[in-house]
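Enquirer: Quick note on numbering: UniProt numbering labels position 208 of the sequence shown as 208, and the sequence is numbered without any gaps.
Below is one structure. I have some questions about it.
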Amino acid sequence: MFTGIIEQIGEVRKAADTGEHTVFEITAGTFDDLKLGDSISVNGTCLTVTGIEDSGFTVEMVNETKRITSLDKIEAGMPVNLERALTLSTRLGGHIVSGHVDGTGEITSVNDDGSALVMHIACPSSLMKYMVKKGSVAVDGISLTLFDVDLEASEIILNLIPETQERTTLAQKGVGDRVNIEADMLMKHVDHLLHSSGSLDISALVEGGRRHV
């Protein structure tokens, strides 16, 4: 589990496809407590640490992850967002992020309005039911607030403040680039409950709320 607050930007030193999986060697500092087997978020994708060096660490990506995420486009020299898994003492400054990417989006426009970068991202239509104005979404592992949602265009609109631009890789991306999208976990669980056979529906929730007023 993660918070969506990026700890640092690492650099991919090597990306090697073995056929069965892809090995990434990533240069990163200040992760002195990282251990073999630890989970780490790389551009929002939860991967397992398989090797540790003085200057960084190694992770492996299976082909299914490669198919679902944008990590299939990662090459040596590229920057990546990094976050270690949260602990019981971690401040939850963003929102709960699992690191299990739901799909990829494509950046359709980026404009500077003087105070922030306004970014439009086209998302899979299947994910749009989880996108609510002022709600949360993880984009390349970054916990962000949805500035607006365009259901007709199947797009989300983000405002990237200077702090986000400086501490993450998102400001370095442009139109046509793909990004990893993870919808809010709470929204997905509520949707599952509402649509499970023989489970809750909206009428039951409304009636339950009335009884407790």
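Idealized CB from N, CA, C, for every residue including glycine.
Taking the alpha carbon of residue 34 as the point to measure from, which residue in 56, 68, 21 has its own alpha carbon closest?
Expert: Translated into the one-based positions of the sequence shown, residue 34 becomes position 34. Minimum Cα distance to residue 34 is reached at 56.
Enquirer: Pairing CB atoms from the stretch 79 to 91 with CB atoms from the stretch 118 to 127, are three or more of them under 8 Å?
Expert: Touching, no.
Enquirer: Would you give the residue range spanned by the alpha helix (DSSP H) that residue 187 belongs to?
Expert: By 1-based counting over the sequence shown, the position of residue 187 is 187. Per DSSP, residue 187 belongs to the alpha helix (DSSP H) from 185 to 195.
Enquirer: Which residue spans inside the UniProt domain "Lumazine-binding" (1 to 95) form an unbroken alpha helix (DSSP H) run of at least 4?
Expert: The UniProt domain "Lumazine-binding" (1 to 95) contains these whole alpha helix (DSSP H) runs: 63 to 68.
Enquirer: Can you tell me the Cα-Cα spacing of residue 152 and residue 129, whole angstroms?
Expert: On the sequence shown, position 152 is the one that residue 152 refers to. On the sequence shown, position 129 is the one that residue 129 refers to. One C-alpha to the other measures close to 12 Å.
Enquirer: Just tell me which of 5, 66, 16, 79 has its CA closest to the CA of residue 27.
Expert: Counting from one through the sequence shown, the residue named residue 27 turns up at place 27. Nearest option by C-alpha distance: 79.
Enquirer: Here's a check: name, in chain order, each residue in its chain whose Cβ is nearer than 6 Å to the Cβ of residue 72, leaving out the five neighbours to either side.
Expert: Residue numbering aside, residue 72 sits at position 72 when the sequence shown is read from its first letter. Closer than 6 Å at Cβ, skipping near neighbours: 66.
Enquirer: Buried or exposed, going by whether 16 or more other CB atoms sit within 10 Å of the CB of residue 54?
Expert: As a working mapping, residue 54 is identified with position 54 in the sequence shown. Answer is exposed; the Cβ neighbour count stays below 16.
Enquirer: Whole angstroms are fine: how far does the CA of residue 102 sit from the CA of residue 96?
Expert: Here residue 96 corresponds to residue number 96 of the sequence shown, with the count starting at 1. Here residue 102 corresponds to residue number 102 of the sequence shown, with the count starting at 1. The alpha-carbon atoms of residue 96 and residue 102 are separated by roughly 14 Å.
Enquirer: Suppose you measure from the CA of residue 41 to the CA of residue 113; what does that come to, to the nearest Å?
Expert: On the sequence shown, position 41 is the one that residue 41 refers to. On the sequence shown, position 113 is the one that residue 113 refers to. Going from the Cα of residue 41 to the Cα of residue 113 covers about 30 Å.
Enquirer: List the residues that DSSP assigns as beta-bridge partners of residue 155.
Expert: By 1-based counting over the sequence shown, the position of residue 155 is 155. Paired residue(s): 122, 150.
Enquirer: Return yes when the Cβ of residue 24 is within less than 9 Å of the Cβ of residue 8, no when it is not.
Expert: As a working mapping, residue 8 is identified with position 8 in the sequence shown. As a working mapping, residue 24 is identified with position 24 in the sequence shown. Against a cut-off of 9 Å, the Cβ pair of residue 24 and residue 8 comes out as no contact.
Enquirer: With DSSP run on the structure shown, which of helix, strand or coil describes residue 171?
Expert: Working through the sequence shown from its first residue, we reach residue 171 at position 171. Reduced to three states, the DSSP call for residue 171 is helix.
Enquirer: Going by the CB atoms, is the gap between residue 182 and residue 137 shorter than 9 Å?
Expert: Stepping through the sequence shown from its first residue, residue 137 is reached at position 137. Stepping through the sequence shown from its first residue, residue 182 is reached at position 182. Contact flag set, yes.
Enquirer: For residue 195 and residue 127, what's the separation of their Cα atoms in angstroms?
Expert: For the purposes of this step, residue 195 is identified with residue 195 of the sequence shown, where counting begins at 1. For the purposes of this step, residue 127 is identified with residue 127 of the sequence shown, where counting begins at 1. Taking the straight line from one Cα to the other gives about 15 Å.
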